[in-house]
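As structure tokens, the structure follows; a few thoughts come after it.
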DNA sequence: CAAAAGCGTAACCCATAGGTTACGGATTAC
DNA sequence: GTAATCCGTAACCTATGGGTTACGCTTTTG
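Chains as they are written, first to last, in this note's numbering: chain A, 155 to 286; chain B, 155 to 286.
Right, here's the structure in full:
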């Protein structure tokens, strides 16, 4: 019902730079655990635990295909935290748009992801890489 | 220039439930450190350090009045994290609204805060109280 | 001007988060 | 069917975060 629990988990998950980089990776395409781990300097088990945190927070889902486990984003959870944030910087009408978002985004996400957002966020991707 | 650094600080600041409760408190009115501390079961120095984290993240500003130090929200920083989140759950046109938000919200915030948002978020306040 | 109020900081303690190596259980390949 | 691949978990270590008490500085009060 309430926000609090979900916000707590999601905020905690997002607080780590490695986990944020993983989320950015998954924005483009679903990826198997191994391929995600390869892109980091840290060990594979370390990445595996970050993936668990993301799973438990609900920000990502996992899907077994053969001996590989693919990870993919779950957009709804992001909307929840965005909703919590909105109370601090909300112009009139914001929440109505947000409500529409929560129900609409999920099915249209993959199609939209490439056009408007991808370009504008390209530079952010670079910054994410530099986080160490 | 880039998001990364700011997002890191802000996400870290928001990850703690006590700090989130403080932010919710400041949504209504600026408060002196002592009055904030009174509303928590933990010691005053503990709250003082949470306030420092919030200050360094840029989410709040402080202002000395006599021997009291008032804290108040800085809306711009919230918009930055909201912008980062938007790349994951963004319908077409979202960012344009967000850009307008960043420049417009700050001056109109206090007036708006009471009407649309306050009621809808009332239940969230309760949830925040229960975080322990 | 002494005393009290308001806050921040320092020093310390303990729990937890995030890293590593070692291991085991599936699934695919040979 | 044996070997190799993919990936999660366990056990362990260290750094950090959040809590506490003790202390000191500045500003108001009597």
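Using N, Cα and C, we set each Cβ at its ideal position, and we do this for glycine too.
Return no unless some Cβ of chain A is closer than 7 Å to the Cβ of residue 216 of chain B.
Taking 7 Å as the threshold, the shortest C-beta distance from residue 216 of chain B to chain A does not fall below it.
Is there a C-beta anywhere in chain B that falls below 7 Å from the one on residue 171 of chain A?
The beta carbon of residue 171 of chain A falls within 7 Å of a beta carbon belonging to chain B, placing the residue at that interface.
In chain order, what residues of the same chain lie with their CB nearer than 6 Å to the CB of residue 211 of chain A, ignoring the 5 residues before and after it?
163, 164 and 167.
Run through DSSP, which three-state label would residue 215 of chain B get?
Note: residue 215 of chain B maps to strand in three-state DSSP.
Based on DSSP bridge pairs, tell me the residues matched to residue 225 of chain B.
Answer is B/185 and B/216, bridged to residue 225 of chain B.
Quick check: the Cα distance between residue 193 of chain A and residue 204 of chain A, rounded to an integer number of angstroms?
Roughly 14 Å separates the two Cα atoms.
Contacts of residue 200 of chain B in chain A (Cβ-Cβ under 8 Å)
Within chain A, no C-beta atom comes nearer than 8 Å to that of residue 200 of chain B; the closest sits roughly 19 Å away.
Give the range of the alpha helix (DSSP H) segment to which residue 298 of chain A is assigned.
Summary: the structure shown does not reach residue 298 of chain A, with chain A confined to residues 155 through 286, and so no result is reported for it.
Using a 10 Å radius around the Cβ and a threshold of 16 neighbouring Cβ atoms, would you call residue 198 of chain B buried or exposed?
Counting Cβ neighbours within 10 Å, residue 198 of chain B comes out exposed, since fewer than 16 surround it.
Taking C-beta pairs closer than 7 Å, name the residues in chain B that residue 181 of chain A reaches, listed in chain order.
What residue 181 of chain A touches in chain B: 241 and 242.
Please say whether residue 242 of chain B and residue 184 of chain B have beta carbons closer to each other than 7 Å?
Judged by beta-carbon spacing, residue 242 of chain B lies beyond the 7 Å limit of residue 184 of chain B, meaning their Cβ atoms are not closer than that value.
Contact check, residue 208 of chain B vs residue 173 of chain B, beta carbons under 7 Å
A Cβ-Cβ contact shorter than 7 Å links residue 208 of chain B with residue 173 of chain B.
How many Å lie between residue 190 of chain A and residue 187 of chain B at the Cα?
Cα-Cα distance, rounded: 44 Å.
Beta-carbon separation (whole angstroms), residue 236 of chain B vs residue 239 of chain A, contact threshold 8 Å
At roughly 5 Å, the Cβ-Cβ gap stays under 8 Å, so residue 236 of chain B and residue 239 of chain A are in contact.
Going along chain A in order, which residues have a C-beta closer than 8 Å to the C-beta of residue 166 of chain B?
Those within 8 Å of residue 166 of chain B in chain A are 169.
Excluding the five sequence neighbours on either side, which residues of its own chain have a C-beta within less than 8 Å of the C-beta of residue 222 of chain A, listed in chain order?
Once the five neighbours on either side are set aside, the close Cβ partners of residue 222 of chain A are 186, 187 and 188.
From residue 195 of chain B to residue 215 of chain B, what distance separates their C-alpha atoms?
Taking the CA atoms as reference points, residue 195 of chain B sits about 24 Å from residue 215 of chain B.
Distance check for residue 202 of chain A and residue 255 of chain B, CA to CA, integer angstroms please.
Because the pLDDT at residue 255 of chain B is just 45, under 50, the model does not fix this residue reliably, and the point stays unresolved.
Is the CB of residue 306 of chain B under 7 Å away from at least one CB in chain A?
Because chain B here runs from 155 to 286, residue 306 of chain B falls outside it and cannot be looked at.
Please check if any C-beta of chain B sits within less than 7 Å of the C-beta of residue 160 of chain A.
No, its Cβ sits nowhere closer than 7 Å to a Cβ of chain B.
Taking only beta-carbon atoms, is residue 163 of chain B less than 7 Å away from chain A?
No, no contact with chain A.
Identity of the residue in B/181, B/217, B/157 and B/213 nearest residue 169 of chain B by Cα
Closest option to residue 169 of chain B, judged by alpha-carbon separation, among B/181, B/217, B/157 and B/213: B/213.
6 Å CB neighbourhood of residue 232 of chain B in its chain, flanking five on each side removed
No residues qualify anywhere along the chain.
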